[in-house]
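Just so we're aligned, residue 1212 is where the sequence shown starts under the numbering used here, counting upward by one.
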Amino acid sequence: MIRDSTTCRNSPIVVAGNKADLERKRTVTKNEVRTASAHFGFEPLEISVALDHDVDDLLVSLVAELKEAYAPDTSSIEKPSPRIEDDFHAAIRRYSQRKKKALPEDINTGWLLERAFN
1212 MIRDSTTCRN
1222 SPIVVAGNKA
1232 DLERKRTVTK
1242 NEVRTASAHF
1252 GFEPLEISVA
1262 LDHDVDDLLV
1272 SLVAELKEAY
1282 APDTSSIEKP
1292 SPRIEDDFHA
1302 AIRRYSQRKK
1312 KALPEDINTG
1322 WLLERAFN
């Protein structure tokens, strides 16, 4: 499919399932996601744009995939110190954790949406 195409062979692919807050209406089973993930070699993300759940993780993974795929060859360039690299990744993790803490505890049950619409 996409990976078989010569023009897309090295293109990064990120798979994200939206509407994670609507678990009861799920049409693709978690087992199907695991099988496809193993077969095609991707890390699946389940997000909820409505609840802003893991959207930051999706964006970070997109940037990381693009950076890895299209970064110029830097083998002859001196790399930044590990501390700078660690500081960047730590800042991303802290930001993501702060966003998750700001969400209600019942995000996985969909309780917030049910209450909002009833």
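Even glycine gets a Cβ: it sits at the ideal position worked out from N, Cα and C.
Quiz prompt | When Val1266, Arg1305, Asp1297, Ala1280 are compared against Lys1230, the one with the closest alpha-carbon | solution = It is Val1266.
Self-check item: Cross-strand partners of Ser1222 (DSSP beta bridge)
Solution: Answer is none; Ser1222 lacks a bridge partner.
Quiz prompt | Which of helix, strand or coil DSSP assigns to Leu1324 | solution = Below a pLDDT of 50, predicted positions are generally treated as unreliable, and Leu1324, at 48, falls in that range; the measurement from the model is reported next regardless. Helix, per DSSP.
Quiz item: According to the neighbour-count rule (16 or more other Cβ atoms, all chains shown, within 10 Å of its Cβ), is His1300 buried or exposed?
Solution: Exposed: under 16 other Cβ atoms inside 10 Å.
Quiz item: When burial is assigned at 16 or more other CB atoms within 10 Å of the CB, is Ile1224 buried or exposed?
Solution: Classification for Ile1224: exposed.
Exercise. Along the alpha helix (DSSP H) that carries Asp1267, what are the first and last residues, could you check?
Key: DSSP places Asp1267 inside the alpha helix (DSSP H), whose first and last residues are 1266 to 1281.
Quiz prompt | Option in Thr1238, Val1271, Ala1280 with minimal Cα separation from Ala1302 | solution = Closest by alpha carbon: Val1271.
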